[in-house]
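Inspection log for the structure reproduced underneath, given as structure tokens.
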Amino acid sequence: MERIVVLTGAGISRESGLDTFRDADGIWSRYDIADVCTPDAFRRDPALVDRFYNDRRAELGRVRPNAAHLALARLEEAARTGQWPGELLIVTQNIDDLHERAGSRNVWHMHGELLRVRCTSCGGTPEWQADCLPHTPCPLCGRPTLRPDVVWFGEIPLHMPRIEAALEACDLFVAIGTSGTVYPAAGFAALVEGHADTLEINQKPSAVSTRFDRFMTGPATRMVPRWVD
Ligand code: BV8
Numbered sequence: 030m031e032r033i034v035v036l037t038g039a040g041i042s043r044e045s046g047l048d049t050f051r052d053a054d055g056i057w058s059r060y061d062i063a064d065v066c067t068p069d070a071f072r073r074d075p076a077l078v079d080r081f082y083n084d085r086r087a088e089l090g091r092v093r094p095n096a097a098h099l100a101l102a103r104l105e106e107a108a109r110t111g112q113w114p115g116e117l118l119i120v121t122q123n124i125d126d127l128h129e130r131a132g133s134r135n136v137w138h139m140h141g142e143l144l145r146v147r148c149t150s151c152g153g154t155p156e157w158q159a160d161c162l163p164h165t166p167c168p169l170c171g172r173p174t175l176r177p178d179v180v181w182f183g184e185i186p187l188h189m190p191r192i193e194a195a196l197e198a199c200d201l202f203v204a205i206g207t208s209g210t211v212y213p214a215a216g217f218a219a220l221v222e223g224h225a226d227t228l229e230i231n232q233k234p235s236a237v238s239t240r241f242d243r244f245m246t247g248p249a250t251r252m253v254p255r256w257v258d
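Last residue of the sequence shown? That's 258 in the numbering used here, and every number before it is there in order.
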């Protein structure tokens, strides 16, 4: 039984039309992290942060999963139907729903999800497709205390205990389309050193490529199907 953990980053969604963060035309070339991706930013200017996520939520409705997302969904389906004697877990840094729309079910979003908001009064996390503004009332408690349900810098990523357990138990760790610059995700390859094989799929080396045994260079839509099939 081969246990595979795949970590995905913004690069896997690039060919669906969603910008990455740190490529030349990336999101951080247009926004400063400190203005839109920290709790202080939200305290200081909630309307700006809400607009940043509203724009990305609207964009998500205009794009579709690509061949890389679909190939991972095929691999999970093969495991589910017994065609492949393995297990596949996708841990994603992405807040888009393209893995799910491609058919993947075993997906853990460690940085949260764009299509959910969180109420800081009642703690509810309703699904959310439309714009969310500072005065938008929580559908559960009615208070205007909604925020994007994402993990900002300085906040604790989701699912960490079970992610670490899955990494401890895996035989193969594959990183797809991530620059290896944001922790703790960037540290996962080091966590599996000694007990799992490692493969990085990217267009160019990441900040942690030296931690990987193998590297497949090229666009995810070409490389991921080649690896899966
Ligand atoms: C935490 C929100 C404690 C949602 C994001 C100093 C050292 C170490 C750590 C730190 C430090 N100072 C501060 C920290 C902690 C900090 C951190 O890591 N900072 C970095 C910048 C140094 N981390 C945190 O604060 C985290 N929390 O540490 O809490 C803790 C930890 C563990 C346990 C308990 C407590 C919280 C981090 C989460 C921040 N939120 N996003 C959103 O708005 O989306 S991060 C943001 O970066 C996104 O989530 C994104 O996913 C993530 C990583 O970026 P990538 O996905 O890798 O995207 P990027 O653009 O960088 O790269 C794209 C890649 O794709 C490139 O390699 C490119 O070559 C490739 N590519 C492009 N096109 C293609 C392609 N590949 C294939 N095919 C293509 N077509």
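Where a beta carbon is used, it is the ideal one built from N, C-alpha and C, also for glycine.
Model, not experiment: these values are computed from the prediction.
Among the options, which one has its Cα closest to the Cα of residue i?
i      : options                      : result
Arg240 : Ala204, Ala70, Val179        : Ala204
Val253 : Arg103, Pro75, Arg85, Arg73  : Arg103
Arg130 : Ser238, Leu117, Ser45        : Ser45
His98  : Thr110, Ala87, His128        : His128
Ala194 : Thr246, Asp74, His224, Arg72 : His224
Give me the Cα-Cα distance between residue i and residue j, rounded to the nearest whole angstrom.
i      : j      : result
His140 : Phe81  : 16 Å
Ala107 : Ala236 : 32 Å
Gly251 : Lys233 : Gly is not the amino acid found at residue 251; the sequence shown has Arg there. Their Cα atoms are separated by approximately 14 Å.
Ser150 : Asn135 : 30 Å
Arg176 : Gln112 : 42 Å
Gly90  : Arg255 : 28 Å
Ala258 : Pro248 : Looking at the sequence itself, residue 258 is Asp, so the reference to Ala does not match. C-alpha separation (whole angstroms): 16 Å.
Ile230 : Phe244 : 6 Å
Ala39  : Glu105 : 20 Å
Arg93  : Gly216 : 29 Å
Ala159 : Cys148 : 15 Å
Leu15  : Gly132 : Missing from the structure shown is residue 15; the chain here goes from 30 to 258 and no further.
Asn83  : Ala76  : 10 Å
Leu220 : Asp61  : 30 Å
Leu85  : Gln122 : One point to set straight first is that residue 85 is Arg, not Leu, in the sequence displayed. Going by the C-alpha atoms only, they are around 15 Å apart.
Gly153 : Pro213 : 26 Å
Leu196 : Phe202 : 8 Å
Leu169 : Thr37  : 32 Å
Met30  : Cys199 : 10 Å
Asp242 : Glu222 : 10 Å
Leu228 : Arg172 : 46 Å
His164 : Arg73  : 15 Å
Asp126 : Ala96  : 15 Å
Gly209 : Ser238 : 8 Å
Arg191 : Asp52  : 30 Å
Pro155 : Cys167 : 8 Å
Thr174 : Pro114 : 46 Å
Residues in its own chain within less than 7 Å of residue i by CB, not counting five upstream and five downstream?
i      : result
Ala70  : Ala63, Asp64, Val78
Trp157 : Leu144, Arg145, Val146
Ala218 : Phe202, Ala204, Thr227, Val237, Arg240, Phe241
Enumerate in chain order the residues of its own chain whose CB-to-CB distance from residue i is below 8 Å, with the five nearest sequence positions on each side excluded.
i      : result
Ile67  : At residue 67 the sequence reads Thr, which differs from the Ile that was named. Excluding sequence neighbours, Thr67 sits near Trp181, Phe182, Gly183.
Asp54  : Asp48
Thr207 : Leu36, Thr37, Gly38, Ala39, Gly40, Gln122, Ala214, Ala215, Asn231, Ser235
Glu142 : Ile124, Asp126, Asp178, Val179
Pull the bridge partners of residue i from the DSSP assignment, please.
i      : result
Gly252 : What sits at residue 252 in the sequence shown is Met, not Gly. Answer is none; Met252 lacks a bridge partner.
Trp25  : Given a span of 30 to 258 for the chain in the structure shown, any question on residue 25 remains unanswerable.
Asp125 : According to DSSP, Asp125 bridges with nothing at all.
Met30  : According to DSSP, Met30 bridges with nothing at all.
Leu47  : Answer by DSSP bridge pairing: none, since Leu47 is not bridged.
Cys148 : Leu175
Met245 : Ile230
Ala204 : Leu36, Glu229
Glu105 : Beta-bridge pairing links Glu105 to no other residue.
Gly115 : Glu31
Glu222 : Looking at the DSSP assignment, Glu222 forms no beta bridge with any residue, so it has no partner.
Glu156 : Arg145
Excluding five sequence neighbours on each side, which residues of the same chain lie with their C-beta closer than 6 Å to the C-beta of residue i?
i      : result
Ile56  : Asp48, Phe50
Trp137 : Val120, His188
Leu117 : Ile33, Leu104, Glu105, Ala108
Ala100 : Val253, Pro254, Val257
Arg43  : Thr49
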